[in-house]
Amino acid sequence: MDQDWTELAWQTQRYNSAKDAYGNTTEGIIYCYRCEHSDDMAIRKVINQTIDKAVSLFPNNVWDQSRYMLFKWDSDNKLLRIVITGDDKIVESPDSVQCEIIAYQTATDQDISQQDDNIQYWVRDYLTTCSAFFSYSLIAVFYDQSRNKTSLL
C-alpha cells in the first residue's frame with residue numbers, strides 16, 4: 021500500500037489523571053482525528069495513519085511492564101481507540117490515539133457488521149507491514165466490548 025501521505029491534523033485533549041510507569045500521576049494526551057471520508061480506501065489510509073501515530077508515541081508509552089497494544093472498535097460511536105497496557109489490561113499508557121469515522125454514523129445493521137470486519141482486517145493487515153511496531157515486544161489485540169475478551173491480531 022502506498023504510504024505517501026502528510027500528517028493528519030490531530031486534535032489533542034490533555035488530562036491529568038494519567039499514570040506513568042511507576043504509578044505516579046502525570047499528564048496524558050489523547051490524539052483525536054475525525055475522518056470525514058466515505059470511501060473505504062481513504063478510510064483505510066486514515067486507519068493506517070492512526071496506527072502510525074500510536075506507534076510514534078511508543079517512546080513515551082511503552083515501559084518494561086507494557087504487554088499489549090489494544091485496539092478498541094466502538095461500533096456505536098464509530099471510534100477506533102489505541103492504547104498500551106500491561107498484563108492486567110487496566111492501567112493505560114498516558115497517551116492514546118483515537119479516530120472517529122463520521123461516514124459510518126449512518127450505516128445499516130448489515131453495513132455495521134461489514135464495517136466492524138473491515139476495521140479489524142485493516143488494523144491486522146497494516147500491522148504486518150509496520151516495522152516500527154516490530155521493534156517492540158508488544159502483543160496487538162482487538163476488542164469491541166470487554167478487555168477480558170480480546171482477539172489476537
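With this note's numbering, the residue at position 4 of the sequence shown is 24, and numbering never jumps.
For glycine and all other residues, C-beta sits at the position ideal for the given N, C-alpha and C.
Treat the numbers as computed from the prediction; the structure is a model and nothing was measured.
Under the three-state DSSP convention, the category residue i falls into
{"i": "residue 158", "result": "coil"}
{"i": "residue 144", "result": "helix"}
{"i": "residue 122", "result": "helix"}
{"i": "residue 29", "result": "coil"}
{"i": "residue 65", "result": "helix"}
{"i": "residue 38", "result": "strand"}
{"i": "residue 110", "result": "coil"}
{"i": "residue 78", "result": "helix"}
{"i": "residue 171", "result": "strand"}
{"i": "residue 149", "result": "coil"}
Cβ shell of residue i (< 7 Å), same chain only, five flanking positions each side left out
{"i": "residue 132", "result": "95"}
{"i": "residue 58", "result": "123"}
{"i": "residue 106", "result": "85, 86 and 87"}
{"i": "residue 144", "result": "173"}
Residues of its chain near residue i, where Cβ-Cβ distance is below 6 Å and the 5 sequence neighbours each way are ignored
{"i": "residue 33", "result": "50"}
{"i": "residue 28", "result": "53 and 69"}
{"i": "residue 21", "result": "Annotation note: pLDDT 41 at residue 21 (below 50); position unreliable, coordinate value reported separately. Excluding sequence neighbours, residue 21 sits near nothing in its chain."}
{"i": "residue 112", "result": "103 and 105"}
{"i": "residue 31", "result": "52"}
{"i": "residue 169", "result": "none"}
{"i": "residue 152", "result": "75"}
{"i": "residue 114", "result": "38, 46 and 48"}
Check whether residue i and residue j have beta carbons under 8 Å apart
{"i": "residue 67", "j": "residue 100", "result": "yes"}
{"i": "residue 172", "j": "residue 88", "result": "no"}
{"i": "residue 103", "j": "residue 86", "result": "no"}
{"i": "residue 82", "j": "residue 35", "result": "no"}
{"i": "residue 140", "j": "residue 154", "result": "no"}
{"i": "residue 109", "j": "residue 90", "result": "yes"}
{"i": "residue 177", "j": "residue 92", "result": "Because the chain is modelled from 21 through 173, residue 177 falls outside the range shown and cannot be assessed."}
{"i": "residue 47", "j": "residue 38", "result": "yes"}
{"i": "residue 55", "j": "residue 150", "result": "no"}
Which residues DSSP lists as bridging residue i, in chain order
{"i": "residue 163", "result": "92"}
{"i": "residue 115", "result": "49"}
{"i": "residue 100", "result": "93 and 119"}
Own chain partners of residue i with C-beta closer than 8 Å, once the 5 adjacent residues on each side are dropped
{"i": "residue 60", "result": "138"}
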